Amino acid sequence: MATSTSRLNTKLIPAPFFPLANKKIDGISKMSIKTEKYVPYLLVLPALVLVFGLTLYPLFHALYYSTRDTDLTSPIPDTFIGINNYRKMLNFDSTLSDAYVRSLTFTAGCLVLQIPLGLGIALLLNRPIRGHKIFRAIFAMPLVVAPIAIGQIWRMMYHYEFGVIKYLVSSVFGTSPNWTADPNWAMISIIIYDTWQWTPFVALILLAGLQGLPPEPYESATIYGASAFQKFRYITLPKMRPLIGLAAIFRMIDTLKTWDPIWAITWGGPGQATETLSYYLYRIGFRYFWVGYASAVSLVFLYIVIVVSTVALRKGAKL
Amino acid sequence: MKIEMKTKRRIVDSLYYIGVIIVLIAVLFPFFWMVLTSIKKELDVLSIPPKIFFEPTIENYTFVFERSSIIKGLINSLVIVGGVIALVIPISMLAAYSFSRFNVGGGHFQFYILTVRMFPPIAAIVPYFVIFRNFGLLDNIISITLLNALFNMPFTIWLLVGFLREIPQDLEEAAMIEGASRFEAFREITLPLIAPALAVAAIFAAIFTWNEFLFAFILTRSEAITVTRVMAGFYTERGILWGPLSACATLCTVPMFILALMIQKYIVRGLTFGAVR
Numbered sequence: 027m028a029t030s031t032s033r034l035n036t037k038l039i040p041a042p043f044f045p046l047a048n049k050k051i052d053g054i055s056k057m058s059i060k061t062e063k064y065v066p067y068l069l070v071l072p073a074l075v076l077v078f079g080l081t082l083y084p085l086f087h088a089l090y091y092s093t094r095d096t097d098l099t100s101p102i103p104d105t106f107i108g109i110n111n112y113r114k115m116l117n118f119d120s121t122l123s124d125a126y127v128r129s130l131t132f133t134a135g136c137l138v139l140q141i142p143l144g145l146g147i148a149l150l151l152n153r154p155i156r157g158h159k160i161f162r163a164i165f166a167m168p169l170v171v172a173p174i175a176i177g178q179i180w181r182m183m184y185h186y187e188f189g190v191i192k193y194l195v196s197s198v199f200g201t202s203p204n205w206t207a208d209p210n211w212a213m214i215s216i217i218i219y220d221t222w223q224w225t226p227f228v229a230l231i232l233l234a235g236l237q238g239l240p241p242e243p244y245e246s247a248t249i250y251g252a253s254a255f256q257k258f259r260y261i262t263l264p265k266m267r268p269l270i271g272l273a274a275i276f277r278m279i280d281t282l283k284t285w286d287p288i289w290a291i292t293w294g295g296p297g298q299a300t301e302t303l304s305y306y307l308y309r310i311g312f313r314y315f316w317v318g319y320a321s322a323v324s325l326v327f328l329y330i331v332i333v334v335s336t337v338a339l340r341k342g343a344k345l
Numbered sequence: 052m053k054i055e056m057k058t059k060r061r062i063v064d065s066l067y068y069i070g071v072i073i074v075l076i077a078v079l080f081p082f083f084w085m086v087l088t089s090i091k092k093e094l095d096v097l098s099i100p101p102k103i104f105f106e107p108t109i110e111n112y113t114f115v116f117e118r119s120s121i122i123k124g125l126i127n128s129l130v131i132v133g134g135v136i137a138l139v140i141p142i143s144m145l146a147a148y149s150f151s152r153f154n155v156g157g158g159h160f161q162f163y164i165l166t167v168r169m170f171p172p173i174a175a176i177v178p179y180f181v182i183f184r185n186f187g188l189l190d191n192i193i194s195i196t197l198l199n200a201l202f203n204m205p206f207t208i209w210l211l212v213g214f215l216r217e218i219p220q221d222l223e224e225a226a227m228i229e230g231a232s233r234f235e236a237f238r239e240i241t242l243p244l245i246a247p248a249l250a251v252a253a254i255f256a257a258i259f260t261w262n263e264f265l266f267a268f269i270l271t272r273s274e275a276i277t278v279t280r281v282m283a284g285f286y287t288e289r290g291i292l293w294g295p296l297s298a299c300a301t302l303c304t305v306p307m308f309i310l311a312l313m314i315q316k317y318i319v320r321g322l323t324f325g326a327v328r
């Protein structure tokens with residue numbers, strides 16, 4: 027308390043700032059202590075109402091429908107079917123298990139490409155070459171574009187007839203895959219797009235980390251004659267591990283949720299080649315309107331994503 | 052020896068430049084192609100091989116303004132962005148103040164709010180659709196604004212908590228010892244200091260809301276369509292209208308670049324919820 031008062035006397039805050047300052051009150055009055063007990067909760071109340079209202083209510087709603095055979099296109103009223111929706115998921119739905127595999131492929135592919143590339147770009151930008159601030163600003167551009175806008179541009183660039191990517195690749199390598207028109211390449215196309223959009227995010231996180239590294243270990247390593255690669259391998263990489271983990275967690279959470287780019291680039295096709303779990307949910311929910319089954323799948327998907335993300339965040343990063 | 056060092060350094064520097072330029076081209080090329088296509092005639096868009104030199108036209112832009120609902124979309128998106136900011140910023144500021152000064156809920160509330168960030172919107176969209184249908188709020192700006200507010204809130208709260216923790220609590224305590232109430236201390240001392248952070252949070256919320264597509268796609272049809280919904284409407288029976296689509300994408304992307312430049316310093320901090328400075 028004494029320190030606080032002395033700081034006030036250093037003229038940090040001019041006296042006429044507070045109209046009540048002239049009232050002689052010893053510290054904080056009893057009245058304010060009593061209200062202070064509830065104030066913290068009152069302050070978070072609006073936020074919690076919005077969050078609880080818009081997350082828990084839909085959850086219970088989904089829980090209710092997940093036990094029914096609701097189909098919005100069917101004229102027959104829905105009935106209670108217990109855990110049959112969940113049983114269907116486990117036993118008969120091969121489209122669903124394929125979607126799980128595709129989601130995992132997508133997430134793994136994105137992480138494998140984006141983390142090393144991001145680290146490379148961060149190392150490039152870490153050197154104080156002229157114009158590095160402008161470069162940083164340009165690298166951040168993909169992060170603020172709507173996937174639906176730029177994703178559809180990528181769809182055009184990937185086009186199997188007039189697409190510029192096909193043209194460029196075939197003029198360099200002599201031949202080119204049909205990208206989004208080829209079931210074997212469609213997922214790769216979306217992974218490349220996601221890498222284009224989100225590698226800058228990884229790079230900027232890691233760049234912030236690189237710039238905060240202390241210079242001393244590097245200086246002594248230079249004295250002992252360490253090579254640039256050794257410095258990277260034995261100083262930079264261990265020190266950057268927590269941030270690399272954080273970037274990977276953020277990318278994992280987001281790639282599991284990815285929906286917009288898939289709509290923008292392939293509509294889940296060709297066939298079902300790019301139908302990840304989130305796109306599959308859209309199809310059964312809004313093309314077929316199987317609300318009951320979609321609710322059950324949603325709940326399981328939600329559970330998996332939240333548990334995986336929470337565990338990763340709690341373990342990997344001290345948020 | 053010295054000269055050798057200098058030339059070596061120069062070589063390394065130019066290698067770095069080459070690397071940076073390659074990455075720059077990769078980053079910028081889709082934007083370049085978007086703008087280029089937006090001023091191409093339809094035949095030039097479809098030409099094989101793709102054309103870089105052609106006779107430019109503004110017909111795609113006139114098409115977008117005359118034949119698509121872009122104006123309605125722009126107005127709706129602006130209203131939704133305004134609504135989200137008006138809703139999210141005050142609510143988040145109060146909650147963030149409470150979290151940073153009183154540690155309400157011992158971190159549990161704050162973590163619960165963070166789980167919304169992990170919440171895949173697609174997993175909740177079926178219940179949202181049914182609920183809003185029951186309330187008659189489909190194709191309504193209110194439902195879209197509420198959902199965008201919800202999904203922006205974890206981010207704004209966490210960002211503001213981070214900024215608030217940087218402001219020494221002593222300042223407020225000193226004012227309170229002088230007799231100011233907590234509210235006065237907040238209004239006179241903390242609020243002016245946190246104002247830039249509020250602006251940063253508001254700009255982030257504006258960018259995310261503007262770019263939001265899933266809710267707009269599923270919950271709006273004609274009255275409440277947003278710019279992203281308009282952009283999804285350029286496919287016809289004879290294929291996608293690439294020219295107008297590119298023009299529309301260009302129009303809706305440029306404002307985001309301007310906003311992003313304003314918060315350039317905070318992009319990393321914002322996108323990582325304040326975990327990385």
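Chains as they are written, first to last, in the working numbering: chain A, 27 to 345; chain B, 52 to 328. Positions of the beta carbon are idealized from the N, C-alpha and C atoms, including for glycine. These figures come from a predicted structure and were not determined experimentally.
Do residue i and residue j have their C-beta atoms closer together than 7 Å?
{"i": "A246(B)", "j": "N111(B)", "result": "no"}
{"i": "L236(A)", "j": "A148(A)", "result": "yes"}
{"i": "V251(B)", "j": "M204(B)", "result": "no"}
{"i": "I218(B)", "j": "I314(B)", "result": "no"}
{"i": "S194(B)", "j": "F183(B)", "result": "yes"}
{"i": "S335(A)", "j": "M169(B)", "result": "yes"}
Any beta-carbon of chain B closer than 7 Å to the one on residue i?
{"i": "P203(A)", "result": "no"}
{"i": "Q223(A)", "result": "no"}
{"i": "I102(A)", "result": "no"}
{"i": "F199(A)", "result": "no"}
{"i": "L69(A)", "result": "yes"}
{"i": "F106(A)", "result": "no"}
{"i": "V331(A)", "result": "yes"}
{"i": "N35(A)", "result": "Only weak support is given to the placement of N35(A): the predicted model assigns it a pLDDT of 36, under 50, and the value that follows is read from those uncertain coordinates. So, not an interface residue."}
{"i": "G311(A)", "result": "yes"}
{"i": "K283(A)", "result": "yes"}
{"i": "P154(A)", "result": "no"}
{"i": "P296(A)", "result": "no"}
{"i": "S335(A)", "result": "yes"}
{"i": "F165(A)", "result": "yes"}
{"i": "D52(A)", "result": "Here the model assigns D52(A) a pLDDT of 46, short of 50, so the residue's position is not dependable and the matter cannot be decided."}
{"i": "I348(A)", "result": "The displayed coordinates of chain A run from 27 to 345. Any statement about residue 348(A) would go beyond what the structure contains."}
{"i": "S55(A)", "result": "Because the pLDDT of S55(A) is 47, which lies under 50, any placement of that residue in the model is unreliable, and the number read from its coordinates should be weighed accordingly. Cβ-Cβ to chain B under 7 Å: no for S55(A)."}
{"i": "I160(A)", "result": "no"}
{"i": "A28(A)", "result": "Note on A28(A): pLDDT 38, under 50, position unreliable in the model; the coordinate value appears next. With 7 Å as the cut-off, A28(A) does not count as an interface residue toward chain B."}
{"i": "V127(A)", "result": "no"}
For the alpha helix (DSSP H) holding residue i, just list the boundary residues, first then last.
{"i": "G124(B)", "result": "I121 to F153"}
{"i": "Y112(B)", "result": "E110 to R118"}
{"i": "I45(B)", "result": "With chain B represented from 52 up to 328, any question about residue 45(B) goes unanswered, as that position is not in the structure."}
{"i": "S297(B)", "result": "W293 to M313"}
{"i": "K335(B)", "result": "There is simply no residue 335(B) to check, as chain B begins at 52 and stops at 328 in what is shown."}
{"i": "S123(A)", "result": "S120 to N152"}
{"i": "Q237(A)", "result": "P209 to Q237"}
{"i": "L98(A)", "result": "From DSSP, L98(A) is part of no alpha helix (DSSP H); its letter is neither H nor E."}
Would you say residue i faces chain A, with C-beta separation under 7 Å as the test?
{"i": "A275(B)", "result": "no"}
{"i": "M85(B)", "result": "yes"}
{"i": "L302(B)", "result": "no"}
{"i": "G134(B)", "result": "no"}
{"i": "P178(B)", "result": "yes"}
{"i": "F153(B)", "result": "yes"}
{"i": "I318(B)", "result": "yes"}
{"i": "Q315(B)", "result": "yes"}
{"i": "V327(B)", "result": "yes"}
> Is the segment 88-98 of chain A in contact with the segment 270-277 of chain A, if contact means three or more CB pairs nearer than 8 Å?
Replying inline: Too few Cβ pairs lie closer than 8 Å, so no.
> Between the segment 176-195 of chain A and chain B, which residues of the former have a C-beta closer than 7 Å to a C-beta of the latter?
Replying inline: I176, Q178, I179, W180, M182, M183, E187, F188, V190 and Y193
> Is the segment 255-265 of chain B in contact with the segment 123-139 of chain B, if contact means three or more CB pairs nearer than 8 Å?
Replying inline: yes
>> With three or more beta-carbon pairs closer than 8 Å as the criterion, would you say the segment 293-305 of chain A touches the segment 200-214 of chain A?
In response: yes
> Listed from N- to C-terminal order along the chain, which residues in the segment 262-296 of chain B have their beta-carbon within a distance smaller than 7 Å of any beta-carbon of chain A?
Replying inline: N262, F264, L265, I269, T279, M282, A283, W293 and L296
> Given a limit of 7 Å on CB to CB distance, which residues of the segment 138-149 of chain B reach chain A?
Replying inline: Of all residues in the segment 138-149 of chain B, only I142, S143, L145, A146, Y148 and S149 place a beta-carbon less than 7 Å from a beta-carbon of chain A.
> Taking any Cβ of chain A, which residues in the segment 162-175 of chain B have a Cβ under 9 Å from it, in chain order?
Replying inline: F162, Y163, I164, L165, T166, V167, R168, M169, F170, P171, P172, I173, A174 and A175
>> If contact is defined by three or more beta carbon pairs under 8 Å, each pair taking one atom from either stretch, is the segment 114-134 of chain A in contact with the segment 277-292 of chain B?
In response: no
>> I want to know whether the segment 225-241 of chain B touches the segment 179-193 of chain B - three or more CB-CB distances under 8 Å.
In response: Too few Cβ pairs lie closer than 8 Å, so no.
> Which residues, taken in chain order from the segment 68-101 of chain B, show a beta carbon closer than 9 Å to some beta carbon of chain A?
Replying inline: Those would be Y68, G70, V71, V74, L75, A77, V78, L79, F80, P81, F82, W84, M85, T88, V96, L97, S98, I99, P100 and P101, in chain order.
> Listed in chain order, which residues of the segment 192-204 of chain B have Cβ atoms closer than 8 Å to some Cβ of chain A?
Replying inline: Against chain A - using a Cβ distance shorter than 8 Å - the residues of the segment 192-204 of chain B are L197, L198, A200, L201 and M204.
> In the segment 239-250 of chain A, which residues sit with their C-beta less than 8 Å from some C-beta in chain C, listed in chain order?
Replying inline: This model lacks chain C altogether; the protein chains it does include are A and B.
> Would you call the segment 160-176 of chain A and the segment 214-223 of chain A touching, i.e. three or more CB-CB distances under 8 Å?
Replying inline: yes
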